[in-house]
Amino acid sequence: MTDSLPDALSDTVAGSAPADERSTAPPPGRRAGPRTGPRTGPLPGSAPGGGQPAGEIVLPCLNEAAALPWVLERVPPGWRALVVDNGSTDGSGELAARLGARVIREPRRGFGAACHAGLTAAEGELVAFCDCDASLDPAAVSRAARPVLAGTADLVLARRRPVGRGAWPPHARAGNLALSLMVRRRTGVRLHDIGPLRVARRRALLELGLTDRRSGYPLEMVVAAADAGWRIEETEVAYRPRTGRSKVTGTWRGTFQAVRDMRKVLR
2 MTDSLPDALS DTVAGSAPAD ERSTAPPPGR RAGPRTGPRT GPLPGSAPGG
52 GQPAGEIVLP CLNEAAALPW VLERVPPGWR ALVVDNGSTD GSGELAARLG
102 ARVIREPRRG FGAACHAGLT AAEGELVAFC DCDASLDPAA VSRAARPVLA
152 GTADLVLARR RPVGRGAWPP HARAGNLALS LMVRRRTGVR LHDIGPLRVA
202 RRRALLELGL TDRRSGYPLE MVVAAADAGW RIEETEVAYR PRTGRSKVTG
252 TWRGTFQAVR DMRKVLR
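This note's numbering runs 1 ahead of the 1-based position in the sequence shown.
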């Protein structure tokens with residue numbers, strides 16, 4: 002995993018740290034509304050000089066029109082937003098395209114289906130995955146990518162630090178803790194979070210041959226990477242109350258179903 006990368010992304014290793022992503026997030030309950038006019042200036046995450054971006058941020062999207070303007074504005078230089086519309090009925094795909102993101106559509110419902118469609122469509126050397134609900138700041142991807150770029154890690158996962166009341170409901174945190182403990186026992190990798198934000202090299206991810214297309218996809222990635230001998234690291238990121246209701250962990254029932262999907266990966 003020593004492929005060279007364009008300067009636009011390599012500069013994040015030796016350059017100054019990005020502006021603290023915590024300082025520019027809108028307050029909870031005051032997300033920017035949908036912006037329908039054409040963008041002016043650079044596209045989200047466009048590479049300097051208009052060249053091919055070295056990395057793409059896959060944003061699985063199901064009815065996230067309220068969050069998209071802020072999310073896309075936070076895509077860091079050297080990265081391109083790749084929005085995967087997973088059957089939205091609120092115009093999310095059209096809005097993302099108007100705001101300058103690359104948009105593909107995945108008709109098969111499922112978090113894993115959307116993520117993998119983005120992975121297979123990505124063109125950059127690196128791929129990041131990030132939730133599209135404004136709970137995570139895409140600007141954090143630059144920092145998360147540094148160990149991969151430096152060759153000290155093969156997969157970097159976010160370790161969430163809740164910011165604001167209700168950012169991480171008890172049922173969702175309990176499910177995540179249970180899964181993290183199961184992953185430790187299964188792989189020997191000491192993890193605290195099955196991070197929703199993650200970065201790795203695209204070609205290597207494709208070679209893992211991931212097959213889950215539901216909620217187990219993030220866990221399958223970690224298990225397959227550990228089994229392949231990858232070096233896995235965590236990096237702390239701020240985690241805020243999302244815009245709208247979670248399609249996966251918004252309820253105890255949804256969390257239970259997600260945990261059930263993920264447990265199948267560990268068998």
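We treat Cβ as the ideally placed atom computed from N, Cα and C, and that holds for glycine.
I believe residue i touches residue j by the beta-carbon criterion, under 8 Å. Please report the beta-carbon distance rounded to the nearest angstrom.
i      : j      : result
Arg199 : Ala159 : 7 Å
Tyr240 : Val157 : Rounded, the Cβ-Cβ distance is 16 Å, inconsistent with contact.
Arg203 : Ala145 : With 8 Å as the limit, Arg203 and Ala145 do not qualify as a contact, their Cβ atoms being about 15 Å apart.
Ala154 : Arg232 : 5 Å
Is it buried or exposed for residue i, if we count other Cβ within 10 angstroms and need 16 for buried?
i      : result
Gly94  : buried
Arg214 : buried
Val132 : Rather than Val, the amino acid found at residue 132 in this sequence is Asp. Classification for Asp132: buried.
Between the options, which lies nearest to residue i when the distance is taken from Cα to Cα?
i      : options                           : result
Pro242 : Asp228, Asp138, Thr212 and Leu100 : Asp138
Phe112 : Leu69, Ser216 and Leu178          : Ser216
Arg75  : Ala102, Glu208, Lys265 and Asp86  : Ala102
Thr73  : Glu65, Ala82 and Pro108           : At residue 73 the sequence reads Leu, which differs from the Thr that was named. Comparing Cα positions, the closest option is Ala82.
Pro78  : Glu221, Val142 and Val238         : Val142
Gly224 : Gly196, Asn87, Arg99 and Arg109   : A small fix is needed here, since residue 224 is Val in this sequence, not Gly. Of Gly196, Asn87, Arg99 and Arg109, the residue nearest in Cα terms is Gly196.
Leu192 : Ala229, Glu235 and Asp86          : Glu235
Ala114 : Val85, Ala129, Trp71 and Ser136   : Val85
Ala67  : Glu237, Ala168 and Ser136         : Ser136
Phe130 : Tyr218, Arg261, Asp228 and Ala227 : Tyr218
Relative to the ligand COA, is the shortest distance from any of its heavy atoms to the C-beta of residue i smaller than 6 Å?
i      : result
Leu211 : Of ligands this structure carries none, so the ligand COA is not represented either.
Please state whether the Cβ-Cβ distance between residue i and residue j is less than 7 Å.
i      : j      : result
Thr244 : Asp134 : yes
Leu127 : Ala97  : no
Leu211 : Met222 : yes
Val149 : Leu220 : no
Gly125 : Gly56  : yes
Asp194 : Arg162 : no
Asn87  : Glu107 : yes
At least 3 beta-carbon pairs within less than 8 Å: the stretch 57-68 vs the stretch 111-122: yes
The stretch 162-175 / the stretch 187-194 touching (three or more Cβ pairs under 8 Å): no
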